[in-house]
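Numbering (my numbering), first residue to last: 85 to 261.
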């Protein structure tokens, strides 16, 4: 067996740390990534949602230089596609509840009242996410925040899909609470 005593380069260490961060983040959000990248995987048969997500996080979400790499949560994309997202979405935080409001987008030719709206709340500290699903026609959505999330930074993402999940919008980052 051949062994080497050569030390790893800084570039090798950076790539290893980037992969570790990317895989950890993707694992927490995998149910939503599977949905959001489903259409892309059908078009390009060899692609898998996990691989697309890890590559995207590796290239676009992890910022900085080794050893000070950080995650830019605003650059995270849970879905891609041509479906229009909600218009003028806003988050209002009250005790134990978060409300998402938006302007009506039903007057656009390709927006349908029964399009699915998926609002995802991700807590990096707990490596957990929760979601609320509704329809485009709903004027607002309310999320009850579990006690274990209170006082922790959480990131909000919004995606819209056709009723059968066949097509998606590009994810919209709604901010941090």
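For glycine and all other residues, C-beta sits at the position ideal for the given N, C-alpha and C.
Quantities reported herein were computed from a predicted structural model and do not represent experimental measurements.
For residue 176, the uninterrupted beta strand (DSSP E) run begins and ends at 171-178, by DSSP. For residue 213, the secondary structure class from DSSP, reduced to helix, strand or coil, is strand. DSSP assignment within the stretch 103-136 yields no whole beta strand (DSSP E) run of 3 residues or more.
Here residue 241 is buried. Its C-beta has 16 or more other C-beta atoms within 10 Å. In this structure, the straight-line span from the alpha carbon of residue 127 to that of residue 250 is close to 11 Å. By alpha-carbon distance to residue 252, the top candidate from 118, 236, 107 and 109 is 118. Between residue 218 and residue 164, the CB-CB gap reaches or exceeds 9 Å. With a 10 Å radius around the Cβ and a threshold of 16 neighbouring Cβ atoms, residue 140 comes out buried. Shown here for residue 131: same chain residues with a beta carbon closer than 6 Å to its own, the five before and five after excluded, namely 125 in chain order. The beta strand (DSSP E) runs lying completely inside the stretch 184-258 and spanning 3 residues or more are 200-207, 212-219, 224-228 and 239-245, given in chain order. DSSP lists 155 as the beta-bridge partner residues of residue 146. Taking 9 Å as the cut-off, the beta carbon of residue 142 is found no closer than this to the beta carbon of residue 91.
Leaving aside the five residues that flank residue 189 on each side, the residues in its chain whose CB is nearer than 7 Å to its CB run, in chain order, 168, 170, 171, 195 and 220. In the structure shown, residue 181 falls within a strand segment according to DSSP collapsed to helix, strand and coil. DSSP lists 239 as the bridge partner or partners of residue 260.
Listed in chain order, the non-local C-beta contacts of residue 186 below 7 Å within the same chain comprise 170, 171, 172 and 173, local neighbours out to five positions each way being set aside. Under the three-state reduction of DSSP, residue 92 is assigned to coil, being neither helix nor strand. The beta carbon of residue 224 is closer than 8 Å to those of 183, 184, 185 and 186 in its chain, skipping five residues each way along the sequence.
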